[in-house]
Amino acid sequence: MDNNKTEEQTIDDRKVEDSTLKIEDGKSKEEDPPSIINPQDSTINLPPSTVKSSNPNAKWYVVHTYSGHENKVAATLKQRIESEHLEEKILEVLVPMQDKIEIRSGKKIEVKEKIFPGYILVKMILDEASWLAVRTTPGVTSFVGMGNKPTPISDAEVATIVKFTKEEAPTFKQVFTVSDTVKIVDGPFADFIGKVDHVDEERGKIKVLVSIFGRETPVELDFLQVQKI
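What follows is the structure, encoded as structure tokens:
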């Protein structure tokens, strides 16, 4: 009996060992947990084969459009790229925009302003098919280049443009120029008339020369405190 129990125990022990090995093997084959991507990161490293814009033959070109039609042209072109299966040839379409603060009826309003009105940027591998798709898109007038040959712009130039589009704090859209005649509408100098001496677009401040006791005195004001007349 003791011998039989010993054999049974040995068999059970082996089963336990086998199951332990299987569990350990299973664990060793599990995939690593996915890394957490910070949503604030603007760049995510992907295998080169999945990043179409990394194609060394693709260049950035400037495309001239009817002014005011830039967004419509970009949207139409993106639809054509998809419907004509040109994703491997036309990689990116960009309408450079910048956040601005505009003064309307005495209120600050944040607006999107085109950095280059009448132009869009297209990253593409230039050949007959891609050229034709872009050139015949409604609203496109021409490529920028020498003669009929589109001329690419450098990646450094594009990087500078993109940097402007990603500025966190919007800047004021300048509506005043030096020597403009303005009326102060708010503050201790309300109803004074003066001339613009300096404009600080980033701070939204304006320096106005007003006549106080017969002398021109510079007064710094907020854009909201003055109106053109």
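So for the sequence shown, my numbering puts the first residue at 567; every next one is plus one. Even for Gly, the Cβ is constructed at its ideal location relative to N, Cα and C.
Remark: C-beta atoms of V776 and G760 approach each other more closely than 8 Å.
The beta carbon of D746 is closer than 8 Å to those of K761, V762 and K794 in its chain, skipping five residues each way along the sequence. Here S777 carries a strand assignment [DSSP, helix/strand/coil]. Annotated three-state conformation of S633 is coil, per DSSP. When beta bridges are read from the DSSP output, H764 appears opposite K773. Judged by beta-carbon spacing, A695 lies beyond the 8 Å limit of L657, meaning their Cβ atoms are not closer than that value. For F730, the uninterrupted alpha helix (DSSP H) run begins and ends at D721 to T731, by DSSP. Pairing P704 with Y632, the inter-Cα distance amounts to about 9 Å. Bridge partners of Q793 according to DSSP: K749.
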